[in-house]
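To start, the structure under review is shown below, and the notes come after it.
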Amino acid sequence: MTWRFQRFPSAPAGAALASRIAAIVLALAVGGVVLAFTGVNPIPLAGEVVRSTFGSGFGLEDLGLLMTPLMLTGLAVAVTLRIGIWNIGADGQFYMGALCAAAVGLFVKGPEPLMLVAMAVAGLAGGALWILVPTLARAYADVNELITTLLLNFVATLIVYYVATGPWHERGVMTLGSTPRIRYQLPEFFGSVHYGFLLAILAAVVMAAVLAFTKWGYEVRFSGANPQAARFAGIPVRRRIIVAMLVSGAIAGAAGMLEVAGTVHRLQGGISNNFGYLGIMVAVLARGSCLGVIATAALMAIILNSGIILQTRGINTNTVLAITGLILFFTAIGDEFAHYRLVTTDGKGK
Amino acid sequence: MDSALQPQDIGGPGTPPIVLLRGIAKYFPGVIANADVDLEVRRGEIHALLGENGAGKSTLMNILTGIYQPDAGEIIIDGYAATFASPVAAIAAGIGMVHQHFKLVQAFTVAENVHLGWSETPRRASASQLEARTRALAERFNLDVRPDARVSDLSAGEQQRVEILRVLARQARVLILDEPTAVLTPAEARELFKALREFRARGNAVIFISHKLDEVLEISDRISILRGGRKVSTEDTAECSHRMLATLMVGREIVLGNYRNRATQAQAPRASALSLAGVSALDDNGRPALREVDLDVRAGEILGIAGVAGNGQRELSQVLTGLRPITGGQVLVDGKVVRSLDPTTFAGLGIGHIPEDRLRSGIAPSLSITDNAVLREYEDAPVSHGPLYRPRAAVGLARTIAGAAGVAVPDFGMPIRNLSGGNQQRLVARREMRIARKLLVAAYPSRGLDVGAINTMLRYFVELRDAAVAVVLISEELDELLNLSDRIAVIYEGRIMGTFNTEDADMETIGLLMGGQRQATHAPLHMTS
């Protein structure tokens, strides 16, 4: 009788959860060791991070403000994952959503509630528009969406930089790359945390419900899991792909709009803060589950917030980006390991 | 220096065989790929490995070339036991394989592909040096390749020659070819056979995997037949005939009842349910797969399609279910021409389909049993109401289907791939039977199943037949076809060779037609259509 590891086609959910927890612990440990090498004692630092994140109202407000865009960009990526597509362009869609919302906010006048709705519509449309070309290319020409969505991020980033430093730049102000303040803003309900936070949670819940309780959701699920079998059953896979991708872009655009109307109140170059890219992590850590995105966005917000605190201690913020990268890296490895189980084989085999 | 150029050492008595496999077994979760296989390959022979799809030919060769490790048994090369941890170790021992799906780098030139991952590749080499070396190799082995061409620009036949050159350049003494003629034109196949005979003449061995009787009889010296993962027999080719090989390959050991007798109240076949009139279709590579097929399926009959796999059965089943466009002819349902040939229309007409590649077209392995069970009816009440999908009603329907299929499901939310192949197949069959009001197309429904599951499956078809539904049963199991079908059509290279009433047909005649022998020399046949 011998023991060996055998790969199984499915990974149990428990193993996947364990692999995520292990990944986070390992990534923090590696980060701690690296910090220790630079001469910082990581243990009191960790205590300080925990205290200033959870021990104060400001810390919790920051968490809420960070979670809002992360939930939405994570949701955007998770929606496309359901149909087997990687939207790497949530960052670009975020920028375009922010740009369109800011355009409405800056140049149109009207009663505030109406204007906020108009900005939201503009944000949704901006995000959807930005993923339109990759969507059509994917659906009709089978162009890989990884590349098209990724490259459009750089275009969107540069357009927003141009607008914020050039034509829409606030005159007479020294700050580089910012438009004037937008007068319409989302109401706040907890310190500086605006209602966008609740809207993001609502979006995740609605999306989860749509995927679980509509025919459309079933078809998206099936098309993602096996497009050939879906076609065989007569599901219009191409149309489902188009709608899922546009919805994804719109959600990422909404994140941009909320950032402009709720948190920053201006359009700035670099306003996305990499939220689009972090959304990929949020979705992957949540295994593509829409409700799971709420939890993983909270985790990511804690990590980002720690970065801000570390920065005040003179530690490079890139440390935090490195740690998030390590978490994704370890999770990918752990997910593969989760497929393996120890089995016994008898040597005879007859 | 080079064993390929050594004087011929075709072993006389006492010389150990070049390859000897003993008691090889390989198990995958839920599948026995190989069990207790003995195989002896001698110097200077072309040894054919014959068997239907899934008989374990490729797995056995993947074990011999170090891609898989055997779960039991031993590999003996030139009389010495060997273990190959990887294909690199196997090629070092002189055993090289050309896979059915080529493993070439499309963006590289021929010369680069030949030299890739080869210890004898010069450390610093210009493109022209590599091409010169490749040209020399090509001349030595008499293989016509263009060293500077990009692989992506080559035809399948040319790519195959590159693969063979790659293997020969590494001083292979045993060349394994997996279905080598599947991608070749007849002219290219003749070229290949010529090269193989030259290779054999130098005292080397070829293992030739195929399920085509003609070419196996033409090229090989000995034939080993695999069936269900086990070796059935090894025969001298000179003593083999089409008929005998067909019988050995399709087997006789499954004993089934005769299902052709109808219950008294069930009616005999009636009007035409679906017919094909001069239908032609292409395969995935754009080559003709069906050639002017005329076929008539009547309500309340089981029409068997006999043939060796790869002769157009896959395309036929896809045409019958609207999955594959036709390039000529007409499809008629109830005598009326169907204009929009798409899966939705066919499903709407009451045509169900048990596909041959269950995992690729029949189910989504990663989704739950419920999701998979309701695939054909999720749009209808009670699973859906308007745009709403009701998971609880879906589980209810899944429970009904699993109950009818006799599959015990502990958790309907678990991925369907956790079920055994037989249980997956039963669920798919039951799911399709529910929508098959007019016709059920079943492609190799018993492939990979045990006898019990096969019997269940066949009883389903009888049940449908007695309910006046037409059934098209595509199978390689002649026994199964003879016991079940009212009529049998034989397909060979995309043509229907003949259609018989089953009472008038015998296994030998069908076996010959399956091998492409149109004229049977004895026993006149009673053609019905």
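Chains A and B are the protein sequences, given in the same order. Once you know that position 312 of the first sequence is 1040 in the working numbering, the rest is easy, because the numbers rise by one and skip nothing. Once you know that position 45 of the second sequence is 1458 in the working numbering, the rest is easy, because the numbers rise by one and skip nothing. We treat Cβ as the ideally placed atom computed from N, Cα and C, and that holds for glycine.
- Shown here, T1734 (chain B) sits in coil according to DSSP, grouped into three states, outside any helix or strand.
- Residue contact with chain B for T942 (chain A): present (Cβ-Cβ distance below 9 Å to some residue of chain B).
- Between S1781 (chain B) and F1825 (chain B) the beta-carbon gap is near 6 Å, inside 8 Å, which marks them as a contact.
- Judged by pairs of C-beta atoms under 8 Å, the stretch 824-842 of chain A touches the stretch 854-866 of chain A, as three or more such pairs exist.
- If you look at V762 (chain A), you'll find it in the alpha helix (DSSP H) that goes A741 to F765.
- For a Cβ distance threshold of 9 Å, residue set A1777, L1780 and D1784 of chain B lies close to R949 (chain A), ordered along the chain.
- Listed in chain order, the non-local C-beta contacts of L1695 (chain B) below 7 Å within the same chain comprise P1701, A1702 and T1740, local neighbours out to five positions each way being set aside.
- Here I1848 (chain B) really is in contact with R1789 (chain B); their C-beta atoms are around 5 Å apart, less than 8 Å.
- If you draw a straight line from the Cα of E1890 (chain B) to the Cα of L1661 (chain B), it comes to about 11 Å.
- Shortest Cα-Cα distance from E1769 (chain B) to any of B:N1785, B:F1521 and B:G1834 involves B:G1834.
- One thing to note: L930 (chain A) has its Cβ no nearer than 9 Å to the Cβ of G990 (chain A).
- L1452 (chain B) and S1637 (chain B) do touch by the CB rule: their CB atoms are close to 6 Å apart, below 8 Å.
- In this structure, the alpha-carbon of G1763 (chain B) lies about 21 Å from that of I1718 (chain B).
- The three-state reading of DSSP puts G838 (chain A) in coil, since its state is none of H, G, I, E or B.
- Taking the CA atoms as reference points, A1883 (chain B) sits about 14 Å from A1760 (chain B).
- Distance from the CA of A831 (chain A) to the CA of V1527 (chain B), rounded to the nearest whole angstrom, comes to 59 Å.
- H993 (chain A): not part of any beta strand (DSSP E); DSSP gives it neither H nor E.
- Within the stretch 895-934 of chain A, complete beta strand (DSSP E) segments of at least 3 residues are found at 916-918, given in chain order.
- Interface criterion met: the Cβ of H1766 (chain B) is under 9 Å from a Cβ in chain A.
- For N769 (chain A), no Cβ of chain B is located within less than 9 Å of the residue's own Cβ.
- Annotation for H1766 (chain B): the continuous beta strand (DSSP E) segment containing it runs I1764 to I1767.
- Here K837 (chain A) is exposed, its C-beta having fewer than 16 other C-beta atoms within 10 Å.
- By the C-beta density criterion, P1738 (chain B) is exposed, having fewer than 16 other C-beta atoms within 10 angstroms.
- Per DSSP, V768 (chain A) lies in no beta strand (DSSP E) and is assigned neither H nor E.
- Contact holds between the stretch 797-805 of chain A and the stretch 920-934 of chain A, because three or more Cβ pairs, one in each stretch, are under 8 Å apart.
- By the criterion of at least three beta-carbon pairs nearer than 8 Å, the stretch 1034-1051 of chain A is in contact with the stretch 753-761 of chain A.
- Any Cβ of chain A closer than 9 Å to the Cβ of A1855 (chain B) would place that residue at the interface, and such an atom is absent.
- For I1037 (chain A), the closest of A:A764, A:V777, A:L745 and A:V768 by C-alpha to C-alpha distance is A:V777.
- Cβ-Cβ distances below 6 Å link Q1519 (chain B) to V1564 and S1565 in the same chain, with the five nearest sequence neighbours on each side left out; the list follows chain order.
- At least 9 Å separates the CB of A1684 (chain B) from every CB of chain A.
- Assignment of D1747 (chain B) by DSSP, reduced to helix, strand and coil, places it in the coil class.
- Taking 9 Å as the upper bound on Cβ-Cβ separation, chain B lies near no residue of the stretch 788-819 of chain A.
- According to DSSP, residue pairing for A1494 (chain B) in a beta bridge involves B:I1489.
- At least 9 Å separates the CB of Y868 (chain A) from every CB of chain B.
- With fewer than 16 other beta carbons inside 10 angstroms of its own, I749 (chain A) counts as exposed.
- Secondary structure note for F786 (chain A): its alpha helix (DSSP H) is the uninterrupted segment G785 to R810.
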